[in-house]
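In the working numbering, each number is its position in the sequence shown, counted from 1, plus 37. Structure, as structure tokens:
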Amino acid sequence: MYYSYIKSRKNNIISYQCVKKVSLLGCNRGEIPKFLINKINSNNIPVPKVEEEVPFLWEINIEEALKNEKREENTIIIDLMPKNEDRISLFELCSVYGFTNKRWSSMLYHLKGLFVDEENKNIDKNKFEIDESDIDNPYFTINYVHRGYVENGKLIERWSPSSPGSNNSALLEPDALDFFCQSALKVNKGIEK
Numbered sequence: 038m039y040y041s042y043i044k045s046r047k048n049n050i051i052s053y054q055c056v057k058k059v060s061l062l063g064c065n066r067g068e069i070p071k072f073l074i075n076k077i078n079s080n081n082i083p084v085p086k087v088e089e090e091v092p093f094l095w096e097i098n099i100e101e102a103l104k105n106e107k108r109e110e111n112t113i114i115i116d117l118m119p120k121n122e123d124r125i126s127l128f129e130l131c132s133v134y135g136f137t138n139k140r141w142s143s144m145l146y147h148l149k150g151l152f153v154d155e156e157n158k159n160i161d162k163n164k165f166e167i168d169e170s171d172i173d174n175p176y177f178t179i180n181y182v183h184r185g186y187v188e189n190g191k192l193i194e195r196w197s198p199s200s201p202g203s204n205n206s207a208l209l210e211p212d213a214l215d216f217f218c219q220s221a222l223k224v225n226k227g228i229e230k
């Protein structure tokens, strides 16, 4: 489950307040496709022409994307255990790195671990505080959309996650894996400073 939150800071304490449930993917309501098309339309990202057989590499900083939309919320939280009452796993989505070709889009999510498979000691997921030193950073996960790509600056197809099957992991071609490795290294170097 995915939710938008208002995040604020007072010294080393970070407060999170839930605003609403959101969708990450899908061409009509998905935050990631919406952020991507907004970035393309603002000319902040070069898009290859349809006849070019090169992958389209892109990056979305979630906080910047929400700020550009002038929304009150400024982060997105992923709840990995929404129905578990005993354990809690909440991750903040920091950025998305995308590798789009003519068939699908693979995405690397950079996450911060706010609560990572911890015992739920009466934590209110709608409003909580956490000391910055208790946040685990970085975490990465890979996702993909089959039938979701960019052509001449427009989103094509559904941008929906694949339906459940025997293999729901992202299929990565070598160039996509290289791009994701470089993106993860960039995040790691930024954290070390």
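Note that the Cβ used here is the ideal one computed from N, Cα and C, for glycine as well.
By the Cβ criterion, the stretch 159 to 173 is not in contact with the stretch 137 to 144, since fewer than three pairs of Cβ atoms, one from each stretch, lie closer than 8 Å.
Per DSSP, glutamate 101 is one residue of the alpha helix (DSSP H) stretching across 99 to 105.
Using a 10 angstroms sphere on the CB of cysteine 218, the tally of other CB atoms stays under 16, which defines it as exposed. Proline 198 is bridged by DSSP to Val182. Rounded to the nearest whole angstrom, the CA to CA distance from leucine 145 to serine 206 is 12 Å. Taken through DSSP and simplified to helix, strand or coil, valine 224 comes out as helix. Judged by DSSP secondary structure, glutamate 68 falls within the alpha helix (DSSP H) whose first and last residues are 68 to 78. Per the coordinates, the alpha-carbon of asparagine 225 lies some 22 Å from the alpha-carbon of aspartate 154.
Inclusion of isoleucine 160 and isoleucine 125 in the CB contact set at 7 Å is warranted, their separation being smaller than that value. Between the alpha carbons of alanine 221 and histidine 147 lies a distance of about 8 Å.
In terms of Cα proximity to glutamine 54, the closest of Ile43, Asn48 and Cys64 is Ile43.
Judged by beta-carbon spacing, isoleucine 115 lies within the 7 Å limit of tyrosine 39, meaning their Cβ atoms are closer than that value.
With contacts defined as CB atoms closer than 7 Å, glycine 63 and serine 199 fail to qualify as a contacting pair. Boundaries of the beta strand (DSSP E) harbouring cysteine 131: 124 to 137, taken from the DSSP string. Beta bridge pairing from DSSP links glycine 150 with Phe128 and Asp173. Between asparagine 98 and serine 132, the C-beta gap is smaller than 7 Å, which places the two residues in contact. Excluding residues up to 5 positions away in sequence, Ser60 lie with their Cβ nearer than 6 Å to the Cβ of arginine 66 in the same chain.
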